[in-house]
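**Q**
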Amino acid sequence: MTRGQKRGNNSEAQSIDESKDILIETKEGSKQLRIPMDSIQVWPVRHDCTEAVWRSTKPVITWSGKCNPKSDKLHIAVFDYSHPQGEDIIGYTTIRIRQLATEVLTEVTIPLAYTPVPFFPANCIISLKLGKPAPMRKTIFLVRHAKSLWNYARETDLGVSAVFSEDHGLHGEGFKEAEALRTQIKLYASGDAKTTNEKRQEYTQEFLECDSILCSPLSRAVQTAVVIFQDHPHVLRSRENPSENVVPESFAKRGLKQPANTPIKLMSSIRERRNFGSRDCVSKYRGHAILRHSQKHLNKYYGPNATEPYVLSGAQRRSLKLSCGDLIDVNDCTDKWWDDDVETKSQFDSRMQQFMEYLQYCPHRKIIVVGHSMWIQNFLVDHVSDELRSRIPEIASEKIENCGVLACDTVFNAQSSDPEATVEDIELLFSTSFKSNSLRRVCTSDIRLKRPQTGTTRKAHENTSEFRYEGR
């Protein structure tokens, strides 16, 4: 892990400002190493975590601006933030770039500066790998969670009944919405349904081809993802190939479990922004406790012991074959990931920048993100192109409906050192609509079933593929 803060772009600054460099004092020969801030990458702090995992890809920038894999070195420093005086460097080492393998984890041992047990030196073992060049044009699919207990309370009593609830799950209506979307995904994946709009059909096919699913750690998002992706091709592939994740053999020697190929990754940076009074954005669950909490709520509606048996049909209650533990990777949320206080705009922008950096440099071209209404709205406001904003001005003021899916054709700027993305086009999928107090834009379902169900007579549906604007 390297430590530092990336300096913003400044076209006028041609030379490195030494006052903003970081000075590392190494234990070997008491040498001092001055590292330019522009060449430093930082990973977030992990508290109370013995096996921290950072699922992120970051660009490595050489000091001279030229890359020579044969001679370039990667400087790795480990900092301890538990000291009252602030951060303290406790480990430092270097490794040549040529020693790292592509797409295979390489272990780097870093001797620590202190010994927890007398006469037994401590080491920190870091595993990292070189990534392939990432595509700069990607399709990001934004999925809002299904109707939660808070959403339902807002509709019935203006949220009074749920104002003090924390990290609440889905309402019964939300599970119905999730099952409806799950059914549509299954129909499209099996070829039993298609859209009459070529552009939307292309985006739908890309949705089914996604090989990366990211999710907010809040329970309502986790439960939505577990239900709607039960039959997604990416989930089915991961179950057929459980050993896709390659880890060093020495993991087993140290008694560490090999991670399962869980297809859905939790990312704390996707959590909803906390405003004044929004207790629904606060949690008390970390790591696998997130899964236990979410699964407990799912068991109220699914399985033979469901306590809410009349919300879903019998077939739906029996259809949840994969649990939270089968699908979810929690390694990014083993630390305290929520905000106890109101999150400022700068704090929100900082974690949004971390997320965009992950999107830009990860190797995936088609990515699904399960998040929240305000988070999605901020994403669109910050990144839609001027042309798209002028063509669809309501995009910045409307919210995507619960369990809605929005495809975003996104282009990243490869010349920028900071994550810079532009959404050049959007498309509503799976009968999704945008809603607001004054305007509602409806995307018609335009689904055509290719063959009728057995024993029934069903007329093919061919609705228009255009948007309708309905004033209110």
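Taking the working numbering as reference, the numbering of the sequence shown is continuous, increasing by one, and the terminal residue is 472. Think of the CB as a built atom: it goes at the ideal place given N, C-alpha and C, for glycine as much as any other residue.
What is the DSSP secondary structure of residue 437, reduced to helix, strand or coil?
**A** As a first step, residue 437 must be located in the sequence shown, where it is residue number 437. Model confidence at residue 437 stands at a pLDDT of 43, short of 50, so the residue's coordinates are unreliable; what they give is reported in the following sentence. Coil.
**Q** Residue 424 and residue 413: beta carbons closer than 9 Å?
**A** Counting from 1 along the sequence shown, the entry for residue 424 is found at position 424. Counting from 1 along the sequence shown, the entry for residue 413 is found at position 413. No, these two residues do not count as a Cβ contact at 9 Å.
**Q** Closest by CA to residue 239, which one among 263, 220, 216 and 225?
**A** Here residue 239 refers to the residue found at position 239 when the sequence shown is read from its first residue. Nearest of 263, 220, 216 and 225 to residue 239, Cα basis: 263.
**Q** What's the gap between the Cα of residue 325 and the Cα of residue 300?
**A** Taking the first residue of the sequence shown as 1, we reach residue 325 at position 325. Taking the first residue of the sequence shown as 1, we reach residue 300 at position 300. Rounded to the nearest angstrom, the two C-alpha atoms are 17 Å apart.
**Q** Using CA atoms only, rank isn't needed, just tell me which of 395, 342 and 150 is closest to residue 378.
**A** Locating residue 378 in the sequence shown gives position 378, counting from the first residue. Ranking the options by Cα distance to residue 378, first place goes to 395.
**Q** Within 10 angstroms of the Cβ of residue 107, are there 16 or more other Cβ atoms? Answer buried if so, exposed if not.
**A** As a first step, residue 107 must be located in the sequence shown, where it is residue number 107. It counts as exposed.
**Q** Please report the distance separating the alpha-carbon of residue 384 from that of residue 393.
**A** Start at 1 with the first residue of the sequence shown, and residue 384 comes out as number 384. Start at 1 with the first residue of the sequence shown, and residue 393 comes out as number 393. Roughly 10 Å between the two C-alpha positions.
**Q** Under the three-state reduction of DSSP, which class applies to residue 422: helix, strand or coil?
**A** Position 422 of the sequence shown holds residue 422. Note: residue 422 maps to strand in three-state DSSP.
**Q** Compute the distance between the beta-carbons of residue 144 and residue 403, then report whether it is under 9 Å.
**A** Position 144 of the sequence shown, counted from the first residue, corresponds to residue 144. Position 403 of the sequence shown, counted from the first residue, corresponds to residue 403. Yes, they are a contact pair.
**Q** May I ask you to list the residues that DSSP assigns as paired with residue 397?
**A** As a working note, residue 397 is residue 397 in the sequence shown. Paired residue(s): none; residue 397 is not in a bridge.
**Q** Is the beta carbon of residue 323 sitting closer than 9 Å to the one on residue 298?
**A** Here the question's residue 323 lines up with position 323 in the sequence shown. Here the question's residue 298 lines up with position 298 in the sequence shown. Yes, the Cβ-Cβ distance between residue 323 and residue 298 is below 9 Å.
**Q** Using the DSSP secondary-structure output, state which residues sit across from residue 79 in a beta bridge.
**A** Locating residue 79 in the sequence shown gives position 79, counting from the first residue. Answer is 89.
**Q** In the DSSP assignment, the beta strand (DSSP E) including residue 185 goes from what residue to what residue?
**A** Stepping through the sequence shown from its first residue, residue 185 is reached at position 185. No beta strand (DSSP E) holds residue 185; the alpha helix (DSSP H) holding it covers 172-190.
**Q** What number of angstroms, rounded off, separates the C-alpha of residue 303 from the C-alpha of residue 223?
**A** As a first step, residue 303 is located in the sequence shown; it is residue number 303 there, counting from the start. As a first step, residue 223 is located in the sequence shown; it is residue number 223 there, counting from the start. C-alpha separation (whole angstroms): 15 Å.
**Q** Using a Cβ-Cβ cut-off of 6 Å (strictly less than) and excluding sequence neighbours within five positions of residue 294, which residues of its own chain qualify?
**A** Taking the sequence shown and counting its residues from 1, one reaches residue 294 at position 294. These residues qualify, in order along the chain: 219, 222, 223 and 324.
**Q** Assuming contact is defined by CB atoms lying nearer than 9 Å, are residue 333 and residue 367 in contact in what I supplied?
**A** Walking along the sequence shown from the start, residue 333 turns up at place 333. Walking along the sequence shown from the start, residue 367 turns up at place 367. Not a contact, by the Cβ cut-off of 9 Å.
**Q** If you pair each beta-carbon of the stretch 137-152 with each one of the stretch 174-182, do three or more pairs fall below 8 Å?
**A** Yes, the stretch 137-152 touches the stretch 174-182.
**Q** Using a threshold of 9 Å, state whether the C-beta atoms of residue 363 and residue 156 are closer than that.
**A** Counting from one through the sequence shown, the residue named residue 363 turns up at place 363. Counting from one through the sequence shown, the residue named residue 156 turns up at place 156. Result no, Cβ atoms of residue 363 and residue 156 do not sit closer than 9 Å.
**Q** Does the distance from the CB of residue 327 to the CB of residue 225 come in under 9 Å?
**A** Stepping through the sequence shown from its first residue, residue 327 is reached at position 327. Stepping through the sequence shown from its first residue, residue 225 is reached at position 225. Yes, they are a contact pair.
**Q** Assign residue 138 to buried or exposed, taking buried as 16 or more other Cβ atoms, counted over all protein chains shown, within 10 Å of its Cβ.
**A** Numbered from 1 along the sequence shown, position 138 holds the residue referred to as residue 138. So residue 138 counts as buried.
**Q** Cutting at 6 Å between CB atoms, please list the residues of its own chain near residue 408, excluding the five before and the five after it.
**A** Taking the first residue of the sequence shown as 1, we reach residue 408 at position 408. Hits under 6 Å: 140, 423 and 426.
**Q** Mind checking which residues open and close the beta strand (DSSP E) that includes residue 106?
**A** Taking the first residue of the sequence shown as 1, we reach residue 106 at position 106. Taken as a continuous stretch (DSSP letters only), the beta strand (DSSP E) holding residue 106 covers 106-111.
**Q** Quick one: residues in its chain with C-beta nearer than 7 Å to the C-beta of residue 342, no 5 flanking neighbours on either side, listed in chain order?
**A** Translated into positions along the sequence shown, residue 342 becomes position 342. These residues qualify, in order along the chain: 274, 275 and 276.
**Q** Candidates 235, 285 and 270: which alpha carbon is nearest residue 261's?
**A** Here residue 261 refers to the residue found at position 261 of the sequence shown. Among 235, 285 and 270, the Cα nearest to that of residue 261 belongs to 235.
**Q** What three-state label does DSSP hand residue 127 in the structure shown?
**A** One-based indexing of the sequence shown puts residue 127 at position 127. Here residue 127 sits in strand by DSSP.
**Q** Which same chain residues end up closer than 7 Å to residue 375 when comparing Cβ atoms and leaving out the 5 residues on each side of it in sequence?
**A** Taking the first residue of the sequence shown as position 1, residue 375 is located at position 375. Counting only Cβ-Cβ distances below 7 Å, and skipping sequence neighbours, we find 270, 272 and 273.
**Q** Exposed or buried, residue 216, counting other C-beta atoms within 10 Å across all chains shown (16 or more means buried)?
**A** Residue numbering aside, residue 216 sits at position 216 when the sequence shown is read from its first letter. Burial call: buried.
**Q** Could you check if residue 312 is buried or exposed, using at least 16 other CB atoms within 10 Å of its CB as the buried criterion?
**A** Counting from one through the sequence shown, the residue named residue 312 turns up at place 312. The residue in question, residue 312, is buried, as its Cβ has 16 or more Cβ neighbours within 10 Å.
**Q** Buried or exposed for residue 191, going by 16 or more other Cβ atoms inside 10 Å?
**A** Walking along the sequence shown from the start, residue 191 turns up at place 191. By the neighbour-count rule (16 or more Cβ atoms within 10 Å), residue 191 is not buried but exposed.
**Q** Taking only the alpha-carbon atoms, compute the straight-line gap between residue 411 and residue 181 and give it to the nearest angstrom.
**A** Reading the sequence shown from its first residue, position 411 is the one you call residue 411. Reading the sequence shown from its first residue, position 181 is the one you call residue 181. If you take the alpha carbons of residue 411 and residue 181, they lie about 27 Å apart.
**Q** Going by beta carbon distance, what residues of the same chain come within less than 7 Å of residue 331, once the five residues before and after it are set aside?
**A** Locating residue 331 in the sequence shown gives position 331, counting from the first residue. Same-chain partners within the cutoff: 53 and 55.
**Q** Kindly give me the distance between the Cβ atoms of residue 286 and residue 335, rounded to whole angstroms, as I take these residues to be in contact under 8 Å.
**A** Stepping through the sequence shown from its first residue, residue 286 is reached at position 286. Stepping through the sequence shown from its first residue, residue 335 is reached at position 335. That belief holds up - the Cβ atoms of residue 286 and residue 335 are roughly 7 Å apart, short of 8 Å.
**Q** Can you grab the Cα-Cα spacing for the pair residue 361 / residue 125, in whole Å?
**A** Position 361 of the sequence shown holds residue 361. Position 125 of the sequence shown holds residue 125. If I take the Cα positions, the gap works out to 24 Å.
**Q** If you run the structure through DSSP and keep just helix, strand and coil, what is residue 392?
**A** Here residue 392 refers to the residue found at position 392 of the sequence shown. Looking at residue 392 - three-state DSSP - the assignment turns out to be coil, as it is neither helix nor strand.
**Q** For residue 405 and residue 280, what's the separation of their Cα atoms in angstroms?
**A** Reading the sequence shown from its first residue, position 405 is the one you call residue 405. Reading the sequence shown from its first residue, position 280 is the one you call residue 280. So the two alpha carbons sit approximately 22 Å from each other.
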